[in-house]
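Novice: Before I ask anything, let me first share the structure, which is written out below as structure tokens.
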Amino acid sequence: NLVAEFVTPTKPDPAPENYKLIVSYAKVTLKDGSAVADLMAVPVGTELKATADEDTETSVFKSWSCTGLELTEEQRTARVVYFTMPDHDVNLVAEFVTPTKPDPAPETYKLIVSYAKITLKDGSAVADLKAVPMGTELKATADEDTETRVFKNWNCTGLELTEEQRTAHEIYFTMPDHDVELTAVFEVPATPDPDPTPDPKPNPDPTPAPGGDSDGGGAAIVAVAAVGGAAIGVGAYIAGTTAYLKSVLPEGMAIPANRQQLAVALWTAAGKPATQSTALFNDVAADAAELQAIRWVVDTGLMSAQDGSFKPGSRVGRMEVIRTWKTYQQRG
1 NLVAEFVTPT KPDPAPENYK LIVSYAKVTL KDGSAVADLM AVPVGTELKA TADEDTETSV
61 FKSWSCTGLE LTEEQRTARV VYFTMPDHDV NLVAEFVTPT KPDPAPETYK LIVSYAKITL
121 KDGSAVADLK AVPMGTELKA TADEDTETRV FKNWNCTGLE LTEEQRTAHE IYFTMPDHDV
181 ELTAVFEVPA TPDPDPTPDP KPNPDPTPAP GGDSDGGGAA IVAVAAVGGA AIGVGAYIAG
241 TTAYLKSVLP EGMAIPANRQ QLAVALWTAA GKPATQSTAL FNDVAADAAE LQAIRWVVDT
301 GLMSAQDGSF KPGSRVGRME VIRTWKTYQQ RG
């Protein structure tokens, strides 16, 4: 007997379904980096890698925007993401933004200073006078007067000074957008022309100064100043005023050369008293250490302010210091 036997044929697995993968501003490859045959027909289950385009000067990668694909928060902001092709179309877009540029560093310029000291407005040191950033607020203080020279004015190029600033011992200014050269000019104290020699007289009895010795020798110094060196010379005048001022000023304090220094000297001698005044001056910083002293001398009438200005850097002569000090002493 011959029998023919039949079996059911084995059907091959159906080809995987394909779906469209649309990509913008990025490159998509297989997981191993090889090319995808056709982005318009990507088989379900294909393991893929998407890499956002490189950043440029005008755009930097921010995140992925997609439809048809679930991304974690970490994947959404990663430049490279791995994923498996789902059973539907996918649209994947790399989003870019314009980078925020940091503010450019300010330009720097050279500040040349002679016979003076330069600091920041608050008194701290300037990092480099050869490279001062434009817009830096600065303070220039002329060197102290000596017996042989006294401050006269500022000579500068690259900086506009008012007439008041030009003769102030201390000035504030803002660094411009160019180099500045600043020189404190000094001069030799002038010696007045001597008066005609008076007729000799017998040695008279010395006339005591008004008020006896209560002024600590101030009257004698005023008398010396009145003849201004005609009788004894400018050197003796300076020596006399120096000796008197050093005898009345607080120990270790230099002879005031400007209005601010005089205010501080008076206030210090008085024991740094408190004042109820809250006055502000347009040429004295609100946080200046000297403000309390300036308020006190103005409040007591020892010194004055006009139109809201104290003129702290204006130079004061020795006779003005002596007169002001005598007024302070007389008030007790």
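The opening residue of the sequence shown carries number 1 in the UniProt record's numbering; numbering runs sequentially from there.
Positions of the beta carbon are idealized from the N, C-alpha and C atoms, including for glycine.
Round the Cβ separation of A257 and V316 to the nearest angstrom and send it over; I've been treating them as touching at under 8 Å.
Specialist: Confirmed, about 7 Å.
Novice: How is E320 classed by DSSP in three states: helix, strand or coil?
Specialist: Residue state, collapsed to three classes: helix.
Novice: So A35 and A94 are supposed to be a Cβ contact under 8 Å. How far apart are they, rounded?
Specialist: Not really, about 19 Å apart at Cβ, beyond 8 Å.
Novice: Pull up the CB-CB distance for A140 and V97, whole angstroms please, since I reckon it's below 8 Å.
Specialist: Contact flag wrong, Cβ pair sits at about 46 Å.
Novice: Given D89, which residues of its chain have a CB within under 7 Å of its CB, disregarding the five upstream and five downstream residues?
Specialist: Cβ within range, chain order: Y19, K20, G68.
Novice: Indicate the three-state DSSP secondary structure (helix, strand or coil) for Q306 in the structure shown.
Specialist: Q306: strand per DSSP, three-state reduction.
Novice: Would you mind working out which of M319, S63, D283 sits nearest D55, comparing C-alpha positions?
Specialist: Of the listed residues, the one whose Cα sits closest to D55 is S63.
Novice: For K31, which option in E70, T46, A265, A41 has the closest C-alpha, if you only look at C-alpha atoms?
Specialist: That would be T46, whose Cα lies nearest to the Cα of K31.
Novice: With DSSP as the reference, label Y25 as helix, strand or coil.
Specialist: Y25: coil per DSSP, three-state reduction.
Novice: With C-beta atoms as the reference, is P312 less than 9 Å away from V284?
Specialist: Yes, the Cβ-Cβ distance between P312 and V284 is below 9 Å.
Novice: Would you mind giving the Cβ-Cβ distance between A50 and V81, rounded to the nearest angstrom? I have them listed as a contact below 8 Å.
Specialist: A50 to V81, Cβ: 5 Å. Contact.
Novice: On the criterion of 16 or more Cβ atoms from any shown chain inside 10 Å, does D177 qualify as buried, or is it exposed?
Specialist: Classification for D177: exposed.
Novice: Within its chain, find whatever has a CB closer than 6 Å to the CB of V185; leave out the 5 residues flanking it on each side and keep chain order.
Specialist: Excluding sequence neighbours, V185 sits near K152, N153, N155.
Novice: Apart from the five residues on each side of it in sequence, which residues of its chain come closer than 7 Å, Cβ to Cβ, to R149?
Specialist: Only F186, E187, V188 meet the Cβ criterion.
Novice: Please report the distance separating the alpha-carbon of P16 from that of P9.
Specialist: Near 21 Å, if we compare the C-alpha coordinates of P9 and P16.
Novice: Where does E137 fall in DSSP's three states?
Specialist: If DSSP states are grouped into helix, strand and coil, E137 belongs with the strands.
Novice: Where do the N-terminal and C-terminal ends of the beta strand (DSSP E) with E57 fall, by residue?
Specialist: Unbroken run through E57: none, as it is neither H nor E.
Novice: Considering only residues of the same chain and omitting the five flanking positions on each side of L120, which have a CB-CB separation below 8 Å?
Specialist: Taken in chain order, the residues that qualify are V126, T136, E137, L138, K139.
Novice: Count Cβ pairs between the segment 296-303 and the segment 259-275 that sit closer than 8 Å; are there 3 or more?
Specialist: Judged by Cβ distances under 8 Å, the segment 296-303 makes contact with the segment 259-275, as three or more pairs qualify.
Novice: Measuring only the C-alpha atoms, how far is M303 from K101?
Specialist: Near 52 Å, if we compare the C-alpha coordinates of K101 and M303.
Novice: Please name the residue, chosen from A289, E290, N282, that lies closest to A305 on a Cα-to-Cα basis.
Specialist: Minimum Cα distance to A305 is reached at N282.
Novice: Can F83 and L48 be called in contact, C-beta distance under 9 Å?
Specialist: Going by C-beta atoms, F83 is nearer than 9 Å to L48.
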